[in-house]
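Chains as they are written, first to last, in the working numbering: chain A, 127 to 518; chain B, 317 to 495.
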Amino acid sequence: MTAPTESQQLAYIAQQAADSRVNLEFETDEGMTLNIGPQHPATHGTLRIVAKLDGEQVISCEPSPGYMHRGYEKLAEVRTYTQVNTLVNRIDWLGSFANEVPFILAAEKLMEIEAPPRAQHIRAILFELSRIANIALFLGDLGAQLGGVTAVFYAFRDREFVLNQIESVTGGRFHPNFDRIGGLKDDLPKGWIAETKAAMEKLRDFCDELETLLIGNEIFQLRTRGVGVIPPEVALSYGLSGANLRGSGVDWDLRRDACPPGLPYDKIDWKVWTHPDCDSFSRSWVRLQEVRESTFIVDQLLDSIPAGPVMAKVPRIIKVPEGEAYVETENPLGAMGYYVVSKGDLVPFRVKIRSASFSNVSIVPWVCRGVYVPDVITILASLYFILGDIDR
Amino acid sequence: MMPPRRPPKPKVPGLIKGLGVTFGEMVKTLKPDSRGGGPVTVFYPHEKEEPAPRARGVISLHEENCTACMLCARECPDWCIFIEAHKYLAPPRREGGKPRQKNALDRFDIDFGLCMYCGICVEVCPFEALFWSPEFEYGEPKIADLLHDKTKLGMWFETVPEFEPYEAGSEVKVKKVPR
Chain A
127 MTAPTESQQL AYIAQQAADS RVNLEFETDE GMTLNIGPQH PATHGTLRIV
177 AKLDGEQVIS CEPSPGYMHR GYEKLAEVRT YTQVNTLVNR IDWLGSFANE
227 VPFILAAEKL MEIEAPPRAQ HIRAILFELS RIANIALFLG DLGAQLGGVT
277 AVFYAFRDRE FVLNQIESVT GGRFHPNFDR IGGLKDDLPK GWIAETKAAM
327 EKLRDFCDEL ETLLIGNEIF QLRTRGVGVI PPEVALSYGL SGANLRGSGV
377 DWDLRRDACP PGLPYDKIDW KVWTHPDCDS FSRSWVRLQE VRESTFIVDQ
427 LLDSIPAGPV MAKVPRIIKV PEGEAYVETE NPLGAMGYYV VSKGDLVPFR
477 VKIRSASFSN VSIVPWVCRG VYVPDVITIL ASLYFILGDI DR
Chain B
317 MMPPRRPPKP KVPGLIKGLG VTFGEMVKTL KPDSRGGGPV TVFYPHEKEE
367 PAPRARGVIS LHEENCTACM LCARECPDWC IFIEAHKYLA PPRREGGKPR
417 QKNALDRFDI DFGLCMYCGI CVEVCPFEAL FWSPEFEYGE PKIADLLHDK
467 TKLGMWFETV PEFEPYEAGS EVKVKKVPR
């Protein structure tokens, strides 16, 4: 091995200096710096949160994402639309199917085709199932963060019923890769509708159980009520979405307000839940009600599946015509959108992914100012982000 | 705006209610019944859960059907399929005919250390040579052993289940596994 040249040495020193400058920005002379994460169960992955403390109180708090950046937007530029579909599965890994839907809808919008009604129904059912699987785990995990460990076991157990249903129709528990431009890969297997209805019954039991065990518990309420208050105007200005916004009392749901064509939410009867308290408790409560509402949505959709094909007529080699499209849907974590630019090629020219968690954690410095250290965990758990969704 | 920090005192303490829920769950796991009672876990190496027939466990190869067209290797998102083939002249089908040109497979490897289990290769195969099997017990101590060659992939073909019938209202034809 040859000795490094002088320019290499200088470049190395400059690199080290740049790294230490980044660290210095976070660390402070006054008070104490506390690193929450990158490996902390409250971060659902590897998010580093640098908190500057004065005794037990947090002066300022800075999230530092990027530990899991995988460069999906760049990778999407060299992969065909079907191959991108397998990548976007891995963004929010707890509700994978929900990630595929907006991307496929954006591509369908560019190609000016629409999936047949049966495919739209099955798509919406799987969309809701992945929402249930995602948020059911949140409800259990919230208990684990606050010291009530029982709930997390029940959540893992009952989420399994939903995952089994997803597996028996798509073949994958976490990464379905089932959505295609113009429809779905396959139809439902025999007996699936009855099994799913039984699973929804179990999930409703799970919601009742958690309401007694966790959400209704006065110790839980002591830990969450009045902690992490986000007023509606602040929530809107930071771009929060999903249950975090509804927990701040804003009646906003993309499924109802701006549902893109290709999802049959206007044909069924359902309700958007909001809570006026704006604190950690209200966010958790809204999510619990959402799981219950989703089970009713699934039941209604299962009853009204029309007969017909699951795939529209699309060419075998998909070339998406030139143009731009942006489609946003209400995913388990909030509003997720794909901005797809196509130059009429096999691969997209550019894909911009707007993920919900990135905006949701951006409020952490605002909301964590002045709170006590254990409340930081409560706030992080109730904001509910997934690292794959932040870093992509 | 600020909600009260201390909630009103409930009649039954949350501790008692929570213990009631956990006790109910404990009783439920003791005896199997029609409402989903009984134990929820299995003793894994001794008992095994049956995965769904569509479960994507391992890819199997039906070698007779493969023509080495390379579609699967080209469509794979992380290029984990390796194919090598050569052409040869097969004897004519009818007396006095021309000899047919055929492709013989020299190498067909799938690196399961790289595979993303997306199923695109199985979907694009035009000759019904690749199938999913729900088999999942093929972990290896060495990562290099996860590269399955065509004999190993052919062995998985015996474990491929028949395709399930579809739910009412479906217009998709049920495919058959060429045995």
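In this text, a Cβ means the ideal position worked out from N, Cα and C, and glycines have one as well.
Remember, predicted model here, so these are calculated numbers, not experimental data.
Give the DSSP-derived three-state secondary structure of S350 of chain B in the structure shown.
coil
Neighbourhood of L213 of chain A by C-beta, 8 Å cutoff - its chain only, sequence neighbours within 5 removed:
Y198, L201, A202, R205
Please state whether the Cβ-Cβ distance between F407 of chain A and T322 of chain A is less than 8 Å.
no
Classify K397 of chain A as buried or exposed, calling it buried when 16 or more other Cβ atoms lie within 10 Å of its own Cβ.
exposed
Listing by chain order, which chain B residues have their CB less than 8 Å from the CB of V499 of chain A?
What V499 of chain A touches in chain B: nothing, since even the nearest Cβ is about 17 Å away.
List the residues of chain B whose Cβ lies closer than 7 Å to the Cβ of R330 of chain A, in chain order.
Simply none; closest approach about 13 Å.
Sequence-distant residues of the same chain with beta carbon closer than 7 Å to S133 of chain A, five excluded per side:
none
Using 8 Å as the Cβ pair cut-off and three pairs as the minimum, do the segment 237–253 of chain A and the segment 261–275 of chain A touch?
no
Range covered by the alpha helix (DSSP H) that runs through R372 of chain A:
369–372
Identity of the residue in A:A241, A:I489, A:R518 nearest S508 of chain A by Cα
A:I489
Measure the alpha-carbon distance for R257 of chain A versus R413 of chain A and round it to whole angstroms.
10 Å
Near W411 of chain A, what residues of its chain come up, given a Cβ to Cβ distance below 7 Å and the 5 sequence neighbours on each side ignored?
I341, H401
For H464 of chain B and C385 of chain B, the rounded distance between their alpha carbons:
19 Å
Quick one: measure Cβ to Cβ for D267 of chain A and V278 of chain A, integer angstroms, because I've assumed they're closer than 8 Å.
6 Å
Classify H362 of chain B as helix, strand or coil using the three-state DSSP reduction.
coil
Rounded to the nearest angstrom, what separates F511 of chain A and K418 of chain B at their Cα positions?
55 Å
In chain order, what residues of the segment 393–411 of chain B put their CB closer than 7 Å to some CB of chain A?
P393
For chain A, check one thing: does any of its Cβ atoms lie closer than 8 Å to the Cβ of K333 of chain B?
yes
Residues in its own chain within less than 6 Å of K364 of chain B by CB, not counting five upstream and five downstream?
none
Say whether chain A places a C-beta atom closer than 8 Å to the C-beta of R372 of chain B.
yes
For G308 of chain A, the nearest candidate out of A:D180, A:I505, A:I217, A:T208 (CA to CA)
A:T208
What residues in the segment 453–483 of chain B have a beta carbon less than 7 Å from any beta carbon of chain A?
E480, P481, Y482, E483
Alpha carbon to alpha carbon, how far is R476 of chain A from M342 of chain B?
53 Å
May I have the straight-line CA-CA distance separating V436 of chain A from K458 of chain B, to the nearest angstrom?
42 Å
Taking only runs that begin and end inside the segment 130–217 of chain A, name each unbroken beta strand (DSSP E) of 3 or more residues, in chain order.
158–162, 174–180, 183–190
Residue interval of the beta strand (DSSP E) (run including Y452 of chain A)
449–457
Contact between the segment 371–381 of chain B and the segment 426–434 of chain B is defined here as three or more beta-carbon pairs at a separation below 8 Å; is this criterion met?
yes
Let's test the definition: count the other Cβ atoms within 10 Å of the Cβ of K491 of chain B and tell me whether it reaches 16, buried, or not, exposed.
exposed
Where does W492 of chain A land, buried or exposed, given buried means 16+ other C-beta within 10 angstroms?
exposed
Expressed to the nearest angstrom, what Euclidean distance is found between the alpha-carbon atoms of Y465 of chain A and G514 of chain A?
18 Å
Please classify A482 of chain A: is it buried, with 16 or more other beta-carbons within 10 angstroms of its beta-carbon, or exposed?
buried
Alpha helix (DSSP H) segments (min. 4 residues) lying fully within the segment 302–384 of chain A
318–336, 344–350, 358–363, 369–372, 380–383
Helix, strand or coil at A484 of chain B [DSSP, three-state]:
coil
H354 of chain A: which of A:V184, A:T131, A:T128 sits nearest, CA to CA?
As written in the sequence, residue 354 of chain A is Gly, which differs from the His given in the question. When each option's Cα is compared against that of G354 of chain A, the closest is A:V184.
Does the distance from the CB of V467 of chain A to the CB of P458 of chain A come in under 8 Å?
no
Can you tell me whether H247 of chain A is buried or exposed, with buried defined as 16 or more other CB within 10 angstroms of its CB?
buried
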